[in-house]
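Protein chains: 2
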Amino acid sequence: MDGSFLIGARAVTRDDTFRAIDPATNEALDPAFATSSLDDVAEACRLAADAFDTYRETDPETRAAFLEAIADEIEAVDGLIERAVRETGLPQGRITGERGRTTGQLRLFAKLLCQGRWAGVVIDTALPDRQPLPRADLRQRRIALGPVAVFGASNFPLAFSVAGGDTASALAAGCPVVVKGHPAHPGTSLLVGRAIQAAVRKCGLPEGVFSLVQGASNALGGALVADPHIKAVGFTGSRHGGLALVEIAQKRPEPIPVYAEMSSINPVLLFPHALAARAADLGKAYVGSLTMGAGQFCTNPGIVVALDGPDLDRFVDAAAEALGGAAPQVMLTGSIHANYDKGVTLLGGQSGVETIARGTEDSGVNRGRAALFGTTGAAFVANPALADEVFGAASIVIRCADKAEVARVLEGLEGQLTATLQLDDEDVEDARALLPILERKAGRILANGWPTGVEVSYAMVHGGPFPATSDSRTTSVGTAAIERFLRPVCYQDLPDALLPKAIQRANPLGLPRLIDGELE
Amino acid sequence: MDGSFLIGARAVTRDDTFRAIDPATNEALDPAFATSSLDDVAEACRLAADAFDTYRETDPETRAAFLEAIADEIEAVDGLIERAVRETGLPQGRITGERGRTTGQLRLFAKLLCQGRWAGVVIDTALPDRQPLPRADLRQRRIALGPVAVFGASNFPLAFSVAGGDTASALAAGCPVVVKGHPAHPGTSLLVGRAIQAAVRKCGLPEGVFSLVQGASNALGGALVADPHIKAVGFTGSRHGGLALVEIAQKRPEPIPVYAEMSSINPVLLFPHALAARAADLGKAYVGSLTMGAGQFCTNPGIVVALDGPDLDRFVDAAAEALGGAAPQVMLTGSIHANYDKGVTLLGGQSGVETIARGTEDSGVNRGRAALFGTTGAAFVANPALADEVFGAASIVIRCADKAEVARVLEGLEGQLTATLQLDDEDVEDARALLPILERKAGRILANGWPTGVEVSYAMVHGGPFPATSDSRTTSVGTAAIERFLRPVCYQDLPDALLPKAIQRANPLGLPRLIDGELE
Numbered sequence: 001m002d003g004s005f006l007i008g009a010r011a012v013t014r015d016d017t018f019r020a021i022d023p024a025t026n027e028a029l030d031p032a033f034a035t036s037s038l039d040d041v042a043e044a045c046r047l048a049a050d051a052f053d054t055y056r057e058t059d060p061e062t063r064a065a066f067l068e069a070i071a072d073e074i075e076a077v078d079g080l081i082e083r084a085v086r087e088t089g090l091p092q093g094r095i096t097g098e099r100g101r102t103t104g105q106l107r108l109f110a111k112l113l114c115q116g117r118w119a120g121v122v123i124d125t126a127l128p129d130r131q132p133l134p135r136a137d138l139r140q141r142r143i144a145l146g147p148v149a150v151f152g153a154s155n156f157p158l159a160f161s162v163a164g165g166d167t168a169s170a171l172a173a174g175c176p177v178v179v180k181g182h183p184a185h186p187g188t189s190l191l192v193g194r195a196i197q198a199a200v201r202k203c204g205l206p207e208g209v210f211s212l213v214q215g216a217s218n219a220l221g222g223a224l225v226a227d228p229h230i231k232a233v234g235f236t237g238s239r240h241g242g243l244a245l246v247e248i249a250q251k252r253p254e255p256i257p258v259y260a261e262m263s264s265i266n267p268v269l270l271f272p273h274a275l276a277a278r279a280a281d282l283g284k285a286y287v288g289s290l291t292m293g294a295g296q297f298c299t300n301p302g303i304v305v306a307l308d309g310p311d312l313d314r315f316v317d318a319a320a321e322a323l324g325g326a327a328p329q330v331m332l333t334g335s336i337h338a339n340y341d342k343g344v345t346l347l348g349g350q351s352g353v354e355t356i357a358r359g360t361e362d363s364g365v366n367r368g369r370a371a372l373f374g375t376t377g378a379a380f381v382a383n384p385a386l387a388d389e390v391f392g393a394a395s396i397v398i399r400c401a402d403k404a405e406v407a408r409v410l411e412g413l414e415g416q417l418t419a420t421l422q423l424d425d426e427d428v429e430d431a432r433a434l435l436p437i438l439e440r441k442a443g444r445i446l447a448n449g450w451p452t453g454v455e456v457s458y459a460m461v462h463g464g465p466f467p468a469t470s471d472s473r474t475t476s477v478g479t480a481a482i483e484r485f486l487r488p489v490c491y492q493d494l495p496d497a498l499l500p501k502a503i504q505r506a507n508p509l510g511l512p513r514l515i516d517g518e519l520e
Numbered sequence: 001m002d003g004s005f006l007i008g009a010r011a012v013t014r015d016d017t018f019r020a021i022d023p024a025t026n027e028a029l030d031p032a033f034a035t036s037s038l039d040d041v042a043e044a045c046r047l048a049a050d051a052f053d054t055y056r057e058t059d060p061e062t063r064a065a066f067l068e069a070i071a072d073e074i075e076a077v078d079g080l081i082e083r084a085v086r087e088t089g090l091p092q093g094r095i096t097g098e099r100g101r102t103t104g105q106l107r108l109f110a111k112l113l114c115q116g117r118w119a120g121v122v123i124d125t126a127l128p129d130r131q132p133l134p135r136a137d138l139r140q141r142r143i144a145l146g147p148v149a150v151f152g153a154s155n156f157p158l159a160f161s162v163a164g165g166d167t168a169s170a171l172a173a174g175c176p177v178v179v180k181g182h183p184a185h186p187g188t189s190l191l192v193g194r195a196i197q198a199a200v201r202k203c204g205l206p207e208g209v210f211s212l213v214q215g216a217s218n219a220l221g222g223a224l225v226a227d228p229h230i231k232a233v234g235f236t237g238s239r240h241g242g243l244a245l246v247e248i249a250q251k252r253p254e255p256i257p258v259y260a261e262m263s264s265i266n267p268v269l270l271f272p273h274a275l276a277a278r279a280a281d282l283g284k285a286y287v288g289s290l291t292m293g294a295g296q297f298c299t300n301p302g303i304v305v306a307l308d309g310p311d312l313d314r315f316v317d318a319a320a321e322a323l324g325g326a327a328p329q330v331m332l333t334g335s336i337h338a339n340y341d342k343g344v345t346l347l348g349g350q351s352g353v354e355t356i357a358r359g360t361e362d363s364g365v366n367r368g369r370a371a372l373f374g375t376t377g378a379a380f381v382a383n384p385a386l387a388d389e390v391f392g393a394a395s396i397v398i399r400c401a402d403k404a405e406v407a408r409v410l411e412g413l414e415g416q417l418t419a420t421l422q423l424d425d426e427d428v429e430d431a432r433a434l435l436p437i438l439e440r441k442a443g444r445i446l447a448n449g450w451p452t453g454v455e456v457s458y459a460m461v462h463g464g465p466f467p468a469t470s471d472s473r474t475t476s477v478g479t480a481a482i483e484r485f486l487r488p489v490c491y492q493d494l495p496d497a498l499l500p501k502a503i504q505r506a507n508p509l510g511l512p513r514l515i516d517g518e519l520e
């Protein structure tokens with residue numbers, strides 16, 4: 001690995017460099033990685049704009065073959081798993097699984113392209129004899145927005161990074177992509193970036209379809225979002241980081257959409273009959289979800305809400321026992337670990353918050369020690385700081401005096417990626433009363449499972465009202481993610497010879513079409 | 001008419017009042033209209049929030065019947081046409097046609113609701129035996145965003161006002177609506193508002209489903225957008241006004257989407273063969289589109305782009321003759337007329353711009369005198385001020401030296417609602433070369449027609465890149481407008497007894513469903 005970054009078909013080096021740090025040891029890793037300059041960013045964006053008109057009009061099958069080629073290339077990368085493990089501290093099994101998810105979602109978007117619904121073809125046939133005025137022939141399709149900036153996420157070095165869900169859905173839509181790699185895993189980023197670069201070449205696509213810029217400064221990402229060629233942004237990360245990008249995007253002469261997936265504490269509701277039937281099992285399973293991957297999931301269960309009482313005591317006792325025996329885990333970076341420790345200290349020091357249990361003592365650098373807190377519904381409602389996300393394996397159990405207090409706790413929440421219900425048949429009426437609140441607050445509502453683990457499929461919603469995301473009308477996981485990067489265009493009375501293939505009268509692409517309000 | 005405004009089921013009066021002005025005479029009209037207070041705005045929003053969970057879960061047939069009831073009530077309003085004519089200066093035939101469009105689009109949304117695609121039901125069936133992990137049962141549907149603020153537009157007192165496209169699509173989606181009536185036509189607004197209020201009552205819906213606040217101050221609209229209960233905004237009007245609302249919406253603790261349809265100069269391209277074949281006819285038809293309704297359409301053809309030469313001379317001569325004989329027309333308000341005059345003076349005074357023709361002299365107050373200007377492609381590209389929208393019957397013909405200059409003129413444009421091609425068969429190759437630019441710039445591309453006149457249908461796109469709208473991914477006319485007010489929610493492993501009807505296993509609403517990637 002040579003520490004370059006990728007501008008179109010080229011590998012570029014610069015004198016200004018940075019290194020990845022192994023979070024398990026704080027050791028700086030070879031090689032040194034070149035920091036892209038602002039000129040490099042501009043060049044990547046210019047190439048993307050040059051490629052756009054050609055790339056967006058490739059046939060769906062061409063783009064599908066490209067996505068599959070990327071998946072194949074990623075599977076063929078030597079040393080990818082090992083490098084990602086070194087750069088993130090995540091276990092090999094997790095990274096291997098994440099690679100499967102990454103290639104799987106590329107192949108799912110390939111399949112989606114061939115199904116053709118994404119093109120959104122809607123036709124109103126001409127009515128030349130209509131009174132008082134004739135109706136023109138109207139044909140709507142969706143086209144790509146333009147070049148897209150994608151920010152790699154620290155916590156999914158493959159599935160939400162260089163060839164992750166944002167890149168896959170943008171490329172599927174027909175948008176060239178300029179990725180800003182996350183500075184915590186530049187080697188992983190470069191290996192995957194080269195796989196995409198190879199696929200671009202093998203598929204004979206314009207080089208500007210993909211570039212990867214790298215560097216540790218915020219200015220680089222800011223310049224990318226501000227570049228006039230960029231027409232949309234995909235981001236997964238902190239609330240602070242996401243909002244900074246949204247602000248830059250809105251201040252442009254031409255504002256653009258930012259799809260930022262930011263902050264969520266993912267409430268878990270324990271209903272009385274479920275709690276009575278299996279409090280201890282629930283307590284153990286909750287800690288399993290909470291501590292998985294050092295708690296570094298967007299969907300980590302950050303609060304548990306339940307009626308106070310002996311059944312909740314049993315849940316808390318089981319959770320405390322499980323968490324008290326949980327070994328510390330390496331976190332993704334030193335600063336994420338430091339922020340976690342700070343967040344845990346802040347939360348534990350809040351009035352009305354008790355520390356129920358901590359994981360075992362740290363035995364090395366950057367180890368996150370799990371933390372379980374407790375408070376009352378009244379205290380939670382009174383203090384918004386208790387609802388701040390602590391990124392990592394920290395969670396708080398909220399004991400409510402009655403059902404009305406449960407509802408008040410939920411109504412007071414900001415937008416969430418998920419809301420989880422632990423319920424038995426006898427709890428359904430109680431759950432029904434709360435469902436409208438949860439629907440207003442969350443993008444996904446799940447029963448008798450745990451929020452960590454996000455299926456990549458047609459029906460998935462990984463999104464939700466602000467601040468879970470910056471745009472609740474979308475999802476960043478699943479096939480519907482493609483819609484973020486498309487816009488409708490209507491063609492009125494154009495001669496067939498001038499129409500794009502997607503809406504020509506003979507339907508040469510074989511796309512599903514809505515004609516005069518009915519599916520063909 | 002008593003000059004009240006409408007908060008839920010009530011008609012409210014206040015001491016602070018304002019009056020409509022007949023723009024044809026500058027005469028203040030009776031009655032005086034109560035100005036809503038900021039408390040009134042807050043109360044309307046609170047009622048809307050109270051109504052939301054009930055209203056959004058009404059069956060599609062219930063909401064369809066409600067939209068049809070509104071259409072029926074509007075048709076039954078005595079004196080609506082006369083009042084709208086007095087308040088806008090628009091001709092009776094135009095207003096009558098606009099009423100038909102308004103009721104027609106309410107009924108089209110009713111039909112759309114019954115078709116059920118709007119609900120976006122997508123189901124991934126459980127795969128309990130999948131390895132390495134089972135797949136949960138995942139069910140996605142779309143739910144309403146929440147209460148919506150709608151701003152009445154001055155130029156469509158019915159079709160883009162109290163019961164216009166924004167209101168119809170928001171109500172169809174399941175969103176309660178709080179309308180801020182345009183202060184230029186408060187009587188029209190109240191008459192239509194009462195029709196909606198009556199329909200709410202007759203359909204037995206919660207009163208908060210609709211309120212109408214009125215007043216002339218910007219603070220009122222600002223408070224409406226800032227109200228925490230409001231979750232989206234629909235606006236049609238000036239760039240300045242739209243951007244002000246966008247800024248307020250983005251500065252909220254919870255930012256919300258604003259769908260603002262703002263500014264467009266709607267380029268018309270004349271291709272050589274079409275121009276050679278019918279220059280004079282095109283010139284006349286162009287002026288017809290330009291001067292219709294005193295040029296007060298969002299889709300008014302503000303620039304014409306063509307290769308310089310004798311055929312273009314013939315086009316210009318015919319246009320000049322037609323426009324020179326065009327009688328002045330009453331504009332919507334005194335300030336719109338004053339801004340038009342100012343814009344025409346500014347445009348005519350720009351370096352390199354010649355005044356080709358003006359309409360006949362003004363013969364009364366607030367009459368807009370049509371204006372036709374000419375310039376070169378080089379001058380247009382060099383001076384962005386020539387691309388500023390002048391709202392009214394003003395347009396500029398851009399003479400280009402060659403095809404490359406035509407492309408430069410188009411590439412330099414901001415986002416547009418429409419782009420029009422006048423072409424013959426022999427022009428198709430030239431048009432094909434420019435189509436990618438136009439697709440990037442405009443929401444609707446039309447051939448051999450004129451951009452004024454927007455069909456309300458399935459395939460229509462009345463939208464486009466910034467600043468044509470604040471969100472190019474949407475349309476404000478046509479059935480796709482409903483998508484602006486919906487967001488997806490995913491339900492994972494919920495027991496059938498707890499699922500909303502839209503996604504219950506037996507499909508009691510009979511909605512179209514995508515199951516495991518295939519339409520059922």
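These protein sequence lines map, in sequence, to chains A and B. 289 is the number that full-length UniProt numbering gives to position 289 of the first sequence; each next residue is one higher, with no gaps. 334 is the number that full-length UniProt numbering gives to position 334 of the second sequence; each next residue is one higher, with no gaps. Cβ atoms here follow ideal geometry from the backbone N, Cα and C, with glycine treated the same way.
Among the residues facing chain A, B/Pro-495 is included, as its CB has a counterpart in that chain under 8 Å away.
Beta-bridge partners assigned by DSSP to A/Asp-124: A/Leu-138. Taking 8 Å as the cut-off, the Cβ atoms of B/Ile-81 and B/Ile-196 do not count as close.
The beta carbon of A/Ser-472 lies closer than 8 Å to those of Gly-415, Gly-443, Gly-463, Gly-464, Pro-465 and Phe-466 in the same chain, with the five residues before and after it left out. Every beta strand (DSSP E) stretch that sits fully inside the stretch 383-416 of chain B and reaches 3 residues is listed by chain position as 394-400. By the rule that beta-carbons nearer than 8 Å mark a contact, B/Thr-475 touches chain A. For A/Pro-267, the secondary structure class from DSSP, reduced to helix, strand or coil, is strand. Spanning the alpha carbons of A/Arg-107 and A/Val-179 requires a straight line of approximately 20 Å. Leaving aside the five residues that flank A/Ala-64 on each side, the residues in its chain whose CB is nearer than 7 Å to its CB run, in chain order, Ala-110, Leu-113 and Cys-114.
Residue-level contact check: A/Ile-265 does not touch chain B, since none of the beta carbons of chain B fall below 8 Å from its beta carbon. With respect to A/Thr-299, A/Leu-417 sits close: the two C-beta atoms are nearer than 8 Å. Remark: C-beta atoms of A/Glu-361 and A/Phe-373 do not approach each other more closely than 8 Å.
Neighbours of B/Asn-448 in chain A, taken as residues at a C-beta separation under 8 Å, are given in chain order as Asp-493.
With a cutoff of 8 Å on beta-carbon distance, A/Leu-290 and A/Pro-301 are scored as near each other. Leaving aside the five residues that flank A/Ser-154 on each side, the residues in its chain whose CB is nearer than 6 Å to its CB run, in chain order, His-182, Ala-184 and Leu-332. With 16 or more other CB atoms across the displayed protein chains lying within 10 angstroms of its CB, A/Pro-267 is buried.
A contact between stretches requires three or more CB pairs, one per stretch, nearer than 8 Å, and the stretch 9-26 of chain A fails this requirement with the stretch 154-166 of chain A.
Here the alpha carbon of B/Ile-248 sits roughly 26 Å from the alpha carbon of B/Lys-441.
A distance below 8 Å separates the beta carbons of A/Ile-482 and A/Ala-172.
DSSP lists B/Glu-27 as the bridge partner or partners of B/Asp-22.
Counting only residues of its own chain and dropping the five nearest sequence neighbours on each side, A/Ala-219 has a CB closer than 8 Å to the CB of Leu-38. If the five residues before and after A/Arg-239 are omitted, its C-beta is found closer than 7 Å to the C-beta atoms of Met-262, Ser-263 and Pro-467, all from its own chain and listed in chain order. Rounded to whole angstroms, the gap between the alpha carbons of B/Thr-479 and B/Leu-133 is 40 Å. In the structure shown, B/Lys-180 adopts extended strand secondary structure according to DSSP, grouped into three states. Identification of chain A residues near B/Ser-457 by a Cβ-Cβ cut-off of 7 Å yields Asp-124 and Leu-138, ordered along the chain. The beta carbons of A/Pro-176 and A/Thr-88 sit no closer together than 8 Å. Think of a sphere of 7 Å around the beta carbon of A/Ala-480: the chain B residues whose beta carbon falls inside it are Pro-488, in chain order.
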